[in-house]
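Colleague:
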Amino acid sequence: QVNYIWESIEIMILMWGILFWENPEDSQQELKQALKKKEFVLFYQPKIDVKTKQIVGMEALIRWHHPKKGLLSPIEFIPLAEKTGLIVPIGNWALKEACWQNIKWQQEGHPPLRVAVNISPKQLAPDLVQTIKDILEETGLSSECLEIEVTEGMLIELKDSTKTIIEEIRKLGVTVSLDDFGTGYSNIQYLQSFHVDSLKIDRSFIQNIETSPINQRLAEIITQMAHSLNLSVVAEGVETKEQYDFLQSIHCDEIQGYYVGKPASVKEFSTLFFSQTRP
Ligand code: C2E
Ligand code: MG
Ligand code: MG
Ligand code: MG
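In UniProt numbering, each number is its position in the sequence shown, counted from 1, plus 39.
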């Protein structure tokens, strides 16, 4: 009798395993198909000017409408996309889609804003300059309305080729910002040698800024250093009024975070942030 129960349990576990076991190659295939099947979407999160409280732009953040698993966050599929190289076509799609959406908003009569798109290390190759040029031409979006976000880690090697790519992108009139600042080596030397337009102070410094004198001091030092290098400063992950007030007191330029708005679908973003400016 006991044996029989154990056997049943074993069979159930086996069936569970067969049903839910994921083959890594399947995930890769799914990711590859996702682009063709138009399963990716971009959400948009507003960035506001600290002084005027006006919306100055938005960051495009990718999501995957997975047929079985629902809406997936980028942390659930970007690592695989980077590992397999699929990030290049996916990233190019995101660039193009963000530019199309931005021009569409402008054509609907909304004031021109800058859309920021995240770029992965693998995308930061010489092709990227031409890709951006082509997308701007095809969509008719003005280059000042596009920003790309690169992370510190991508610049760490101080490669001349990376430096040239960034310079060429900036020559087009596209803004370049350094994302997640403070989580890597935060080396001042590369800030001097890689000319970017702005720094985004990582969320981890902002999270507990009300109660952490060290983080307050760090945010202030980063802001002063950035300003002395003529860079503007954006704080990410601002969730409370206290955080906002503190950032205003240290002259941070722009903020982004749940305090102003969570990443939203195109429709939601339009109703939430364009309602007052509708023609
Ligand atoms: P990121 O570029 O640093 O984006 C900021 C992340 O913080 C977003 O997560 C955003 O939803 C979240 N966030 C914003 N404000 C707050 C806040 O007040 N509180 C909290 N707790 N979180 C906040 P998300 O959308 O999950 O994106 C995660 C990362 O995935 C991004 O980090 C970016 O590195 C990457 N990513 C997103 N879209 C793309 C893309 O199109 N291409 C590439 N290569 N990477 C992307
Ligand atoms: Mg970003
Ligand atoms: Mg960031
Ligand atoms: Mg991040």
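The C-beta atom is built at its ideal place from N, Cα and C for all residues, glycine as well.
Mind checking whether the beta-carbon of residue 236 lies closer than 7 Å to any heavy atom of ligand 2?
Modeller: Residue 236 Cβ: outside cutoff for every heavy atom of ligand 2.
Colleague: Roughly how many angstroms lie between the CA atoms of residue 166 and residue 160, to the nearest whole one?
Modeller: Going by the C-alpha atoms only, they are around 13 Å apart.
Colleague: Please return the same chain residues whose Cβ sits closer than 7 Å to the Cβ of residue 131, not counting the five positions on each side in sequence.
Modeller: Excluding residues within five positions, the ones whose Cβ falls inside 7 Å are 170.
Colleague: Report whether the distance from the Cβ of residue 157 to the nearest heavy atom of ligand 2 is below 7 Å.
Modeller: For ligand 2, at least one heavy atom lies less than 7 Å from the Cβ of residue 157.
Colleague: Please look up how many angstroms separate the CB atoms of residue 222 and residue 243, rounded, as I've assumed it's under 8 Å.
Modeller: The pair is a contact, with the Cβ atoms about 7 Å apart (cut-off 8 Å).
Colleague: Tell me the DSSP secondary structure of residue 222 in three-state form.
Modeller: In the structure shown, residue 222 sits in coil (DSSP, three-state: anything other than H, G, I, E or B).
Colleague: Mind pulling the beta strand (DSSP E) runs of 3 or more residues that sit fully within the region 134-179?
Modeller: Those beta strand (DSSP E) runs which fall completely within the region 134-179 and span 3+ residues are 153-157.
Colleague: Alpha carbon to alpha carbon, what distance is there between residue 258 and residue 52?
Modeller: In a straight line, the C-alpha of residue 52 is about 51 Å away from that of residue 258.
Colleague: Who does residue 73 pair with in a DSSP beta bridge?
Modeller: Note: residue 73 sits in no beta bridge, so no partner.
Colleague: So, using beta-carbon positions, are residue 133 and residue 81 closer together than 8 Å?
Modeller: Yes, they are a contact pair.
Colleague: Using a threshold of 7 Å, is the CB atom of residue 65 nearer than that to any non-hydrogen atom of ligand 3?
Modeller: Result no, Cβ not under 7 Å from ligand 3.
Colleague: May I ask you to list the residues that DSSP assigns as paired with residue 271?
Modeller: BP columns for residue 271 point to 237.
Colleague: Helix, strand or coil, according to DSSP, for residue 289 in the structure here?
Modeller: Looking at residue 289 - three-state DSSP - the assignment turns out to be coil, as it is neither helix nor strand.
Colleague: Less than 8 Å between the C-beta atoms of residue 270 and residue 238, yes or no?
Modeller: Yes. Within cutoff.
Colleague: Check residue 277 in the structure and name its three-state DSSP category.
Modeller: Coil, per DSSP.
Colleague: Does DSSP classify residue 83 as helix, strand or coil?
Modeller: It is a strand residue.
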